[in-house]
Each structure stands twice: as structure tokens, then as C-alpha cells.
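**Student:** Chains as they are written, first to last, in this note's numbering: chain G, 350 to 688; chain E, 350 to 688.
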DNA sequence: TCCTCAATTGACAACGTTATCATTTATGCT
DNA sequence: AGCATAAATGATAACGTTGTCAATTGAGGA
């Protein structure tokens, strides 16, 4: 059985409150007393019991991060989440959340209602659906959303700039000489998806490149979607010279499809994506893509949540951070005979 | 402020102990009383406070899963870990652990010493190094290891059968007609790594295929290692017709290298790996590989730990589960002119 | 030396459960 | 009816902290 604060107090010849003060670095303790207490702590190998602290402070000291299935994008987020976990007093509880999954809902509800977590960070593609909305409103548990489907003034969020990222990539392709650029679009109810599409369209317009409806293809942002969309695109009378996947997963599917068809990338067709998944650099050729500053986004989100939890108003409750291009081998100028 | 057990007792006209009995499904409560209590719980929207329960039961109801950096293999594990989290009373705390990282050590030490976790699941490549060993011994926190570097009778573990998996794959390659099979080996201090190498060698011997030392190449099991090793292998006077990566990461590196060199896979050289990472099926051609039953391994490990935590002796403290082959497009018979 | 005020210290209540054991109530048997 | 026994219930003490506020100590000034 490990030592308690009482044992320490006894050994250090003082009250438990004084020991508590030393542990929590509160003022009003003489140097001499502090040293006695520290020595006693050392001797007894004492460590405060976290459950007791949690109970009396009515805080779980735990943040719940909602993740959809543990996929590629998620592992990037997770990596940073864990990294930040070190620096905070809060522990981080990963909870997977599928809107349709009854079990995950029950578990989450228990977590929130039993006060096992103080706050939530919601990561895409999770979002505040009616169930979450009810639960959060009813329990009053604070939360921060990462790249929400829709932005409303009440919801604190941190997001990457999808519009600007898509604009930059499309601009880059145009400047390379492409003017038949296919875009693999994603779910329509997703704000990021719409922003990316608009960023693409905006760049076309600015550079006076004719926009063709048949070059905007549904991909659902997944591998199979990109795969199918690329086959369709290449079957068009005037096929694209570049395929811009609204997500890397879709772009990878497209890349796979082109290679299946024997189309050379990037010599005949350029491919690029969005998200900068780790495997974007491990396929051949490396996938050019748009990177959100995921690390910074996650860090800002968690910090924002902690600010809210500790009643310090965060500097801003709505943050959008700029994206940047990551150019690799999958993009090049279009074949000259097609210009 | 949410309701407490006291409020429920008051409303239901009984003692808090009776409410506690109802909550925990203990016997000795009349149907009538139980209904009154349940009604009161409903009315007050009561949920028990977990921190209080933790304190009085001296349990954190939390299991810590030690992960190395959030990479590919980890996300597979994680996915299952989260899935299992639903089914248990225990919450799961992910903690990254780098032996050299002071911060991660400090955090882990705090978690264990402050009784914030009841037990640990250690996942590869994390292992019981001297620091962990001390910490675990001193605090007496139980743990289960997944595929330990070294197996000792005292340490409970769950592992995949690396020897058998490597044997099966090598056998398969031989039966396809390969007899110049390179093997990309991994860290020598890793049990799995050694088992895989021996499985490879055993199959060669059984089928009387001459073993060549120059075809066993160091790869460190990572992408770059595989990349380099493949280049070296293909530069040999008698290059291999198949490259068996001891890990998928190495195999992917090899695949990448071959494609860079313009070598056709699988027509000229076959490639296969070990681990069945998600992207093994997303490269072109799909990577043949050996799959550990990761889901089952993780599930068994967590169940084993919980058995130990609740003082029920698990059926077995050492479990090895069979691997299986996953054949995809990256393997084929060797070119006929080379046979 | 005494007084005032600030700094230090401590006694004890709270936090919301579960655990122990005594007490009350119901049941079955003679 | 009376008694033994089992079942249901409750009073109260933990669990190990932090928070409140009163008590004590020490320093500085008249």
C-alpha cells in the first residue's frame, strides 16, 4: 500500500494541509517546512492520489478526443495529440465515434454524464450531429471542433484554410500549363469539401481557364471513389491533363487507377491531392498535395479547450490557419502535344 | 450541478446504500424498491460520479496502452484497442513511449505512481527496458506485453507466430519457382526479427534451396532501410528474383526502389512483406504479405490484463497466435529465362 | 515591552461513492 | 402464536485529497 498525504504530514511533523500546499506549490510555506516535507515525500516515495484530487476538485483532468475510425488522417492527428498530452496536466482519452454506432454513443454518453471527461475535442470527419448536440447541450461539457462541417459563431473551432489551399494548388497547376484539370470532389455537406471545390473554381476563374462541369467528379474522398472517378475522367472525349483529388485518399485512388490503365504519371497526367497523408510520400511517384498545418491545428484546439475549461477566455474562439503546398513527383507540365 | 446518490435516496425514500445496490445490480433489493429508485434516477437524470467510485475502490478503471510514435502499424493496433474499449468497464489511455524521450518517461512515471492507471499494455516496438522494468517492479503495476523482444516465463505476453509466418511465405515463394530469395532482416535484438529470419532459413533448408549470405540484407525494418537494401541486392552479380521484406515498411521501400530502377514487379522481381499494413493494399501492385492476427492479439492482451487486474488468473499468460499469408499482385513466378 | 498586522500553520468539513455491520422486516416452521 | 432464520434496509465509516477559516507565530514599530 502506498503512502498518503497523512503519512507524509506525520513524518514531516506538520498538518496535511501544509503538505498539500507544498505539493501544489502554494505560497505561505517557510523554506524550512517545505524542505522537511520534501524530504518526507522522498523518504516515503509518496505520490498524490489522483482520484482523490479529482473528486474534491470536481474535475476529471481528462480531455476526450473524438476520432472516427483509426485511419491515416487520424494517425497524424493522434500523433500530435499524444505529443501535447505530455505538456498538459490533462490526460487524453481517445474515443472513437461513429454516428451510426450505438455502442460508441453509449460509451460517450457515459463518459460525459459520469463526469469522466471535462471537455471534448472533435476531429473530422466527426461532427456535432443531433445526438452529440443534445448530449453536449444537456451536460454543458465544453468542446472545441477541428474543421467543423459547418461554422457557426457559437461553436469554437480550429480549421485549416481549405479554400486557399485548393486555390494555391489549382493556380500552381495552371502555371505549369494545365488547363484541363479534373477535380475529385467530396461530400457536399462538408464545409471543407465545398471550400476546396470553390478554391479550385476560383483559381480557374482568376486565370480565365474554362471551367468544365464534366471535370468535377464525385469521389467521396476515399480511395475507391478516387479510383472510379479517375477511370471516368480518363474516358472522357477530352480527358484531363491533371487530376486534383480533393483528398489524398481520392488522389491515391486516382493514381492507382492511372497506373492500372498504363497512363504515365506525371508525364501524361499529373495527380495531386489534399491533406498530405504520410503515404503521399511513399507511393511512386510521390504525391503532390496540400498540407494543413495539422500539428498546429491540434495544438491550438487543445489549448483553446483548456483555456475554456479553466475559465480563461481564449484569445479567439474561431481560428483558421493557412495551408501550404507540398510538391512532389506526381505533378509536372502537361505533354507538349496537348497544348 | 448534477444530482448525487443522496438526492436519489431522498427522492426514492431509502438509504444511499440501497441506491448503490440498485446501481451496481447487487442482490437484496425488493422489486418495489428497485423501481422507486430507478424512477428517481430517471427523474433526476442521475449518473454516478466516477471519481468517487475510483477513490473508494482504489482503482483507476483505466488501462494504459504504450505506443511508439503513431505510425502505420500503431494505427492498426489502435483501431482495435479503441474498439475493445467499448466493451469494457475500463477506459483506455494511450501513452506514447520513446525510451530516449525524457518527457514521455516522466509522464508515464506520474501515471503509474499516482495510480492513474491500473495496468499497462505494451505494444511493439516498445518493450520493457531498464527504466520500465524498474518502474513496473517498484510500483507493482501489472502489464501484458504484445510481441515482446524477448520472451521470459515471468512476463505475460501475446504474440503472433513470426517464425511460422516467415516460413509459410518463403515456402510459397519457393513453390512459385523462386530460389534466389533475398531477405531484408531487421534489428537483431528483436525476437520477432530473429524468428522471421529463422523461418525464412528453415523453409530454404526444408526445400533444399541453397542459402546465400549475401541475400540476407540489413534493413532495420523501415522504408529507407528497405530502399537501400533492395538497391544493393539488385546490384549483386546474381540478383534475387524475389525480395522478402521482414516488415512491410521495408518491403515498401524495396518496391519503391525497384520502380525507381525501372524493374518490373512482379514480372521481373517479386516483392513481399510482413505485417499487412493498410497501405500494403494501396500501392501498385498490391503487396503480398504475412498478416498477424492483430485484432485478436490486442483483444487477448487486454482481456488477459483485465483478468490479472481482477485477480482472476487468465487461462494462459503466454499466447502465440498463428499468422496467415495475404497474397496480392506483387508476387508471381520468376521470369522463365532465369530458371 | 507591548501592540498590530501579516505570514504561517492547522483542524476539520467537504467531495460522492462503496463497504461493514447492525438493525429492521418478512418468511417459514413448529 | 411464537420462534428461528433469512431477506431487506440503513447508519456510519472509510477512501485521500482540497478548501475554509480560525489559530498561532513572527516581525516591525511605538
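All C-beta atoms, glycine included, are put in the ideal place defined by N, C-alpha and C. Since the structure is predicted, the reported quantities are computational estimates derived from the model, not experimental observations.
1. At the 8 Å Cβ level, is residue 428 of chain G part of the contact set with chain E, yes or no?
2. Put residue 466 of chain G into one of helix, strand or coil per three-state DSSP.
3. Using Cβ-Cβ distances below 9 Å, what residues of the segment 487-502 of chain G are close to chain E?
4. Does the count of Cβ pairs from the segment 571-587 of chain G and the segment 599-608 of chain G closer than 8 Å reach three?
5. Of all the options E:471, E:499, E:362 and E:529, which has the alpha carbon lying nearest to the alpha carbon of residue 689 of chain E?
6. Any beta carbon of chain E sitting closer than 8 Å to that of residue 464 of chain G?
7. Would you verify that the beta carbon of residue 609 of chain E is, or is not, closer than 8 Å to some beta carbon of chain G?
8. When DSSP builds the beta bridges, which residues end up paired with residue 531 of chain G?
9. If you reduce the DSSP assignment to three classes, tell me which class residue 557 of chain G lands in.
10. Can you find a C-beta in chain G that's less than 8 Å from the C-beta of residue 403 of chain E?
11. I'd like to know whether the C-beta atoms of residue 517 of chain G and residue 532 of chain G end up nearer to each other than 8 Å.
12. On the criterion of 16 or more Cβ atoms from any shown chain inside 10 Å, does residue 524 of chain E qualify as buried, or is it exposed?
13. Residue 423 of chain G versus chain E: which residues are under 8 Å apart at the beta carbon?
14. Within a Cβ cutoff of 8 Å, which residues of the same chain sit near residue 456 of chain E, ignoring the five residues on either side of it in sequence?
15. Between which two residues does the alpha helix (DSSP H) holding residue 483 of chain G run?
16. Where residue 386 of chain G and residue 371 of chain G are concerned, what is the direct C-alpha to C-alpha distance, given to the nearest angstrom?
17. Would you mind stating whether residue 590 of chain G and residue 548 of chain G have Cβ atoms separated by less than 8 Å?
18. Under 8 Å Cβ to Cβ from residue 434 of chain G, same chain only, skipping five residues before and after it: list those, please.
19. Given a limit of 9 Å on CB to CB distance, which residues of the segment 435-447 of chain G reach chain E?
20. May I ask you to list, following chain order, the residues of the segment 379-400 of chain E that have a beta carbon less than 7 Å from some beta carbon of chain G?
21. Check residue 688 of chain G in the structure and name its three-state DSSP category.
22. Classify residue 617 of chain G as helix, strand or coil using the three-state DSSP reduction.
23. What are the boundary residues of the beta strand (DSSP E) that includes residue 411 of chain E?
24. Who are the Cβ neighbours of residue 480 of chain G in its own chain at under 8 Å, not counting the five residues just before and after it?
25. Looking only at C-alpha atoms, which of E:357, E:685, E:468 and E:397 sits nearest to residue 616 of chain E?
26. On the premise that residue 628 of chain G lies in contact with residue 628 of chain E, defined as a C-beta separation below 8 Å, what is that separation, rounded to the nearest angstrom?
27. For residue 605 of chain G, go through chain E and note every residue whose CB falls closer than 9 Å to its CB, in chain order.
28. Measuring only the C-alpha atoms, how far is residue 465 of chain E from residue 409 of chain E?
29. Check whether chain E comes within 8 Å of residue 688 of chain G, counting only Cβ atoms and requiring the distance to be less than that.
30. Which one of G:416, G:562, G:680 and G:649 has the shortest CA to CA distance from residue 450 of chain G?
31. Along the beta strand (DSSP E) that carries residue 440 of chain E, what are the first and last residues, could you check?
32. Kindly give me the distance between the Cβ atoms of residue 650 of chain E and residue 504 of chain E, rounded to whole angstroms, as I take these residues to be in contact under 8 Å.
33. In whole angstroms, what separates the C-alpha of residue 564 of chain G from that of residue 632 of chain E?
34. Strictly by DSSP, which residues pair up with residue 637 of chain G?
35. Helix, strand or coil: which one does DSSP assign to residue 611 of chain E?
36. Whose C-alpha, out of E:401, E:610 and E:497, is nearest the C-alpha of residue 583 of chain E?
**Tutor:** Taking the geometry as given:
1. Using a CB distance cut-off of 8 Å, residue 428 of chain G counts as an interface residue toward chain E.
2. Here residue 466 of chain G sits in coil by DSSP.
3. Those residues of the segment 487-502 of chain G that come within reach of chain E (Cβ to Cβ, closer than 9 Å) are 487 and 488.
4. As far as the Cβ criterion goes, the segment 571-587 of chain G touches the segment 599-608 of chain G, which means the pair count is three or higher.
5. In the structure as shown, chain E begins at 350 and stops at 688. Residue 689 of chain E is therefore absent and cannot be evaluated.
6. Yes, residue 464 of chain G lies at the interface with chain E (some Cβ there is under 8 Å from its Cβ).
7. By this cut-off, residue 609 of chain E is an interface position.
8. Looking at the DSSP output, residue 531 of chain G bridges to G:592.
9. Per DSSP, reduced to three states, the secondary structure at residue 557 of chain G is coil, with no helix or strand assignment.
10. So, interface residue.
11. At the C-beta level, residue 517 of chain G and residue 532 of chain G stay beyond 8 Å of one another.
12. Under this definition residue 524 of chain E is an exposed residue.
13. For residue 423 of chain G, the chain E residues whose Cβ falls inside 8 Å of its Cβ are 424, in order along the chain.
14. Scanning its chain for C-beta atoms nearer than 8 Å, with the 5 sequence neighbours on each side dropped, one finds around residue 456 of chain E the residues 444, in chain order.
15. DSSP places residue 483 of chain G inside the alpha helix (DSSP H), whose first and last residues are 479-488.
16. Rounded to the nearest angstrom, the two C-alpha atoms are 7 Å apart.
17. Contact: no.
18. Result list for residue 434 of chain G: 440 and 441, in chain order.
19. Under the 9 Å Cβ criterion, the segment 435-447 of chain G contributes 435, 436, 440, 441, 442, 443, 444 and 445.
20. Flagged, chain order: 396, 397, 398, 399 and 400.
21. Residue confidence is low: residue 688 of chain G scores 44 on pLDDT, short of 50, so the model does not pin down where it sits. Its coordinate-derived value is still stated next. Here DSSP, grouped into helix, strand and coil, assigns residue 688 of chain G to coil.
22. It is coil, neither helix nor strand.
23. Start and end: 411-416.
24. The residues are 448 and 454.
25. Relative to the Cα of residue 616 of chain E, the nearest Cα in the group E:357, E:685, E:468 and E:397 belongs to E:685.
26. Taking a contact as a CB-CB distance under 8 Å, the pair residue 628 of chain E and residue 628 of chain G counts as one, their CB atoms being some 5 Å apart.
27. Going along chain E in sequence order, the residues near residue 605 of chain G (Cβ under 9 Å) are 631, 632 and 633.
28. Each residue's Cα considered, the two are about 5 Å apart.
29. Any reading at residue 688 of chain G must be qualified, since the residue scores a pLDDT of 44, below 50, and its modelled position is unreliable; no value is offered.
30. Relative to residue 450 of chain G, the option among G:416, G:562, G:680 and G:649 whose CA is nearest is G:416.
31. From DSSP, the beta strand (DSSP E) with residue 440 of chain E extends over 440-445.
32. Not confirmed; about 12 Å, so no contact.
33. Taken atom to atom, the span from the alpha-carbon of residue 564 of chain G to that of residue 632 of chain E is near 25 Å.
34. In the DSSP secondary-structure assignment, residue 637 of chain G is bridged to G:621.
35. In the three-state reduction of the DSSP assignment, residue 611 of chain E falls in the coil class.
36. If you compare the alpha carbons of E:401, E:610 and E:497 with that of residue 583 of chain E, the shortest gap goes to E:610.
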